[in-house]
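Each residue of the sequence shown is one higher than the one before, counting from 752 in my numbering.
Remarks on the structure that follows.
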Amino acid sequence: MTEDKSAPFSGSIMVVGGGISGLTTALEAAEVGYEVFIVEKNPYLGGRVAQLNQYFPKLCPPTCGLEINFRRIKDNPNIKVLTLAEVENVSGGPGSYNVSVKLNPRYVNENCTSCGECADACQAELPNEFNFGMNKTKGAYLPHEMAFPARYVISPQIIGTEDAKRCAEVCKYDAVDLEMQSKTLDLNVGSIVWATGWEPYDAAKIDNLGFGRYPNIITNMMLERMAAPNGPTKGTIVRPSDDKEPESIAFVQCAGSRDENHLPYCSYICCMASLKHATYIRARYPEAKIYIFYIDMRAPGNRYEKFYKKIKEDENVFFIKGKVAEVEQAADNHQITVVAENAVTGEKVRQTVDMVVLATGMQPTAANAKLPAGELKYTEDGFIINDMEQGGMFAAGCANKPADVVSSNQNANGMALKALQTLVRR
752 MTEDKSAPFS GSIMVVGGGI SGLTTALEAA EVGYEVFIVE KNPYLGGRVA QLNQYFPKLC
812 PPTCGLEINF RRIKDNPNIK VLTLAEVENV SGGPGSYNVS VKLNPRYVNE NCTSCGECAD
872 ACQAELPNEF NFGMNKTKGA YLPHEMAFPA RYVISPQIIG TEDAKRCAEV CKYDAVDLEM
932 QSKTLDLNVG SIVWATGWEP YDAAKIDNLG FGRYPNIITN MMLERMAAPN GPTKGTIVRP
992 SDDKEPESIA FVQCAGSRDE NHLPYCSYIC CMASLKHATY IRARYPEAKI YIFYIDMRAP
1052 GNRYEKFYKK IKEDENVFFI KGKVAEVEQA ADNHQITVVA ENAVTGEKVR QTVDMVVLAT
1112 GMQPTAANAK LPAGELKYTE DGFIINDMEQ GGMFAAGCAN KPADVVSSNQ NANGMALKAL
1172 QTLVRR
């Protein structure tokens, strides 16, 4: 679509997605004076980074980066945050987009003080999506300890029940509003940055690796939540079937990645994530044996290469170059046997361990839910292709390609600049 010189230009930017890329984009634009709308489908900001225990390069907790960003957002009147929000339609062109945003009800208003009495009164328990279903949460809940905005949510699943009534009755601040309805907001913005992020590839689709059939096979993001102090096990890594402290763990790299039947590409950071997970295990269980089955070990950049070399020096970490063909579960003790062919020696390897961690890859969110903007173009794998010549709409972070947090932030800075350029008439 060509730029319509006669159309009035908007001085606002919309950022779709409130993860680390979206936050960076929004802050960079707002802090030079532009109005920014953050549209986030979850009831909180922070995205995947909020689910991590630690992240590169300094292996610091998510509070390290997110807390200061939340404070900057709170202090900046140029930023309007819309949570539980979804873009339904985009029309117009660069400089003047008309966007319809659906706001879903939280059933809790701005009076909320996060006292938690509604959760105490609620009896219903639901799978905790933030922890990938590894534990339960109440039907009235705070998404996580660092949630921003710091307001509780009443699940739509309990609306109309006695539980919902109890939540309303116990609230001293009239914060629970069970009559909240969805509504649509129409906004005019000059540029849109799609920071819609990524989803862990569904490991249940990988038939030969046993996820979903055997409880002691988990994914890399599930391990990340286990290791987190606010996770389902409060930071303790244990075998799911019996809460046993694992004496041996196998990591299966490229689980579904670099595979024409699943994700044909490399997700860039999975190898380093597993090496990071090895440090989590080592910190808790110094004598545990760790087996890493890999196709190619990728450590992009000098900093990551040094980290890889440090892990290799650990005498209890064993690297096996070979693609895992199958896994088997023992009938008596729930141990898992990993079967692979060693690509160096040609020998068939059968390694029995207490737990298996599948290093599943990044899949762009847009691969499973196409975005409501006809101008956008995608790769075969669902990543958004940036059209720098046309401008107007851009993808930041993992919506554009697999990346780590540092790369996502750098990319988001660039996309903020491109979005601002669209607002300036040539």
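Virtual Cβ for every residue (Gly too), placed ideally from N, Cα, C.
{"Item": "Inter-residue spacing [alpha-carbon to alpha-carbon] between Val1068 and Ala1024", "Value": "15 angstroms"}
{"Item": "Proximal residues to Cys863 (C-beta, below 6 angstroms), its chain only, five neighbours per side dropped", "Value": "Arg902, Tyr903, Ala926"}
{"Item": "Range covered by the alpha helix (DSSP H) that runs through Glu837", "Value": "Careful: Glu837 lies outside any alpha helix (DSSP H), inside the beta strand (DSSP E) at 836–844."}
{"Item": "Where Lys1121 falls, given that 16 or more other Cβ within 10 Å makes a residue buried", "Value": "exposed"}
{"Item": "Three-state secondary structure (DSSP) of Gly769", "Value": "coil"}
{"Item": "Exposure label - Asp937; buried when at least 16 CB within 10 Å", "Value": "exposed"}
{"Item": "First through last residue of the beta strand (DSSP E) which encompasses Asn829", "Value": "Element bounds for Asn829: n/a, residue is neither H nor E."}
{"Item": "One or two residues paired with Ile1087 in a DSSP bridge", "Value": "Gln1080, Val1104"}
{"Item": "Euclidean distance between Cα positions of Cys1005 and Cys1017", "Value": "8 angstroms"}
{"Item": "One or two residues paired with Met1144 in a DSSP bridge", "Value": "Ile943"}
{"Item": "Span separating the alpha-carbon of Ala1029 from that of Glu1064", "Value": "12 angstroms"}
{"Item": "N-terminal and C-terminal residue of the alpha helix (DSSP H) that Glu1056 is part of", "Value": "1053–1063"}
{"Item": "Assigned exposure category for Leu774 - 16 Cβ within 10 Å defines buried", "Value": "buried"}
{"Item": "Candidates Asn939, Val921, Cys1022, Ile910, of which the one nearest Glu930 by Cα", "Value": "Ile910"}
{"Item": "Bridge partners - Thr1111, DSSP secondary structure assignment", "Value": "Ala1006"}
{"Item": "Which listed residue (Leu803, Tyr1045, Pro845, Asn1119) has its alpha carbon closest to that of Ile943", "Value": "Pro845"}
{"Item": "Presumed contact (8 angstroms Cβ cut-off) between Pro808 and Val1157, rounded CB distance", "Value": "6 angstroms"}
{"Item": "Environment of Leu810 [buried if 16+ CB atoms lie within 10 Å]", "Value": "exposed"}
{"Item": "Enclosing beta strand (DSSP E) for Thr970 [first to last residue]", "Value": "968–970"}
{"Item": "Cβ pair Ala1150, Gly948 closer than 9 angstroms", "Value": "yes"}
{"Item": "Endpoints, the beta strand (DSSP E) within which Lys1072 is located", "Value": "1068–1072"}
{"Item": "Presumed contact (8 angstroms Cβ cut-off) between Ile957 and Gly1007, rounded CB distance", "Value": "5 angstroms"}
{"Item": "N- and C-terminal bounds of the alpha helix (DSSP H) containing Arg1168", "Value": "According to the sequence displayed, residue 1168 carries Leu and not Arg. It spans 1156–1173 - the alpha helix (DSSP H) in which Leu1168 sits, taken as one unbroken run."}
{"Item": "Tyr795 in three-state terms, based on DSSP", "Value": "coil"}
{"Item": "8 angstroms contact criterion, which Val850 and Val841 should meet: CB distance rounded", "Value": "5 angstroms"}
{"Item": "Among Glu950, Leu803, Met973, nearest to Asn1133 - alpha-carbon criterion", "Value": "For the record, residue 1133 in the displayed sequence is Gly; it is not Asn. When each option's Cα is compared against that of Gly1133, the closest is Glu950."}
{"Item": "Separation of Ala1050 from Ala1117, as counted between CA atoms", "Value": "27 angstroms"}
{"Item": "Residues of its chain near Cys918, where Cβ-Cβ distance is below 7 angstroms and the 5 sequence neighbours each way are ignored", "Value": "Cys869, Ala872, Cys873, Ala891, Ile905, Val927"}
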